[in-house]
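First residue of the sequence shown: 4, per my numbering; consecutive thereafter.
Worksheet for the structure shown next.
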Amino acid sequence: MHCTRKITQDITWIGSQDRRLALFESAYAVPRGVTYNSYLISDLKTCVVDTVDASQQKQFLENLEYALDGRGLDFLLVQHMEPDHSASIEAVLAKYPAARLVCTQKTLDLITQFFGYAPGGNIKLIAEGAVLELGAHKLTFVAAPMVHWPEVIVSYDLNFNLLFSADAFGTFGAGDGAVFADEVRFMETHLAEARRYYTNIVGKYGAPVTALLEKAARLPISMILPLHGFVWRQDIGEIFEKYQKWASYTPEDDGVVIAYASVYGGTENACNILAARLREKGTDVRVYDVAVTPAPEILAEGFRAKKLVFAAPTIDGGLFPQMEALLRKLAEHGLKNRVAAFIENGTWGPVAVKKMREITEKLGWEEVGAITLKSSVTEENLGGLTELAEKLA
Ligand code: FEO
């Protein structure tokens, strides 16, 4: 049965809410699910903006048929060709053969590359600056390459100031029936999931995101309609500000994140002592065991906090594997503008600090301390941890 929401009088959300998916992109846990947003604009012409994942196709087609209310479909606009939004293109065009596919040449190439078929001749190719006239709604297109795929465009409604933002401004979470951010007190309930979504999916591409934000900042925007998560119709500046910080690798707060690995408890003990000293100084600190907490969650915390501490034992003359994976992820995402400290442990030949520095040196972090443990925390180490807490606080 159809399940839709009205966005405005003539725009309907026709997407779907997926709570069965365990790992988004086979990599990121989505315990609260994820939405695939699709929108139907019903003007003099009708236009679908993007489709949904293959697993949600039946629901989506029911939603589309209901929202069309007996009308035909004139246009299918594809802003982003990644399969979580494009896997239902063929099904839509099969059901509505008179519909014109609206996309860039790059998108057209990727459709064939991914799905092994070439859409028929009823295609309207667009590029940045083109205008699609639907009646009162007039969509113009802005290229957003590498946010986070090369073919991405976003669409701006010239008369209603609506920004269809593709993956930008998305979040994990299936929405619990809500479609607007203001229905869920977003900043309290979903900010962490939005950060985890952004930092892992898009976070590597800070420069292209900043370029897109600069273009968007010059436009009046009354509503942001992304492909995941919630539609923004209030407090748009709040999420815009978060994006500006994430894209420029600017910390959101002055807190400390301690990420550690510990084989027999000595390194963990040091991190707990450091966290206690920091709390005594009134500093916000979050502590994560990298063998327990997935790297994507700690990456998101790294984008939030200004100060990062990494603590790891030496294993087989190298670095604890999960710590190495985390640091490489931070380095790949270009997480700069941070204050950092390192703690290593080695019963006979500690090299972990050297290894951690090698991975992160290109990020230009300001290092404020490094401590070496030999198996367990000594009185001398206690002094070093207290001193490190003072520097970090
Ligand atoms: Fe939600 Fe980049 O696809």
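Even for Gly, the Cβ is constructed at its ideal location relative to N, Cα and C.
Ranked by how close their Cα comes to the Cα of L330, the residues L311, G320, M190 have L311 in first place. Non-local C-beta neighbours of K332 in its own chain, meaning closer than 6 Å and more than five positions away in sequence, comprise A298, L302, ordered along the chain. The beta carbon of D46 is closer than 7 Å to those of D13, L137, G138, A139, H140 in its chain, skipping five residues each way along the sequence. Distance from the C-beta of E68 to the nearest heavy atom of ligand 1 is not below 7 Å. Residue burial is scored here from C-beta neighbours: H5 has fewer than 16 other C-beta atoms within 10 angstroms and is therefore classed as exposed.
An exposed status is given to L128, since fewer than 16 other beta-carbon atoms sit within 10 Å of its beta-carbon. Here DSSP, grouped into helix, strand and coil, assigns D185 to helix. Annotation for F163: H140, S225 place their beta carbon closer than 7 Å to its own, counting only its chain and skipping 5 residues before and after. Restricting attention to R221, E28, D56, the CA atom closest to the CA of Y39 is found in D56. Of the residues assessed, K284 falls on the exposed side of the cut-off, its CB having fewer than 16 other CB atoms within 10 angstroms. In the displayed model, Y159 falls within a strand according to three-state DSSP.
Under the three-state reduction of DSSP, F78 is assigned to strand. Shown here for A219: same chain residues with a beta carbon closer than 7 Å to its own, the five before and five after excluded, namely L166 in chain order.
Across the set Y263, I156, V212, F172, the C-alpha of I156 shows the shortest separation from the C-alpha of V134. When Cβ pairs closer than 8 Å are counted between the two stretches, the region 182–190 is seen not to touch the region 203–215, the count staying below three. Within 7 Å of the C-beta of D170 there is at least one heavy atom belonging to ligand 1. Below 8 Å, enough C-beta pairs join the region 305–321 and the region 338–352 to call them touching: three or more. Per the C-alpha coordinates, the member of I374, E327, D319, G372 positioned closest to W351 is D319.
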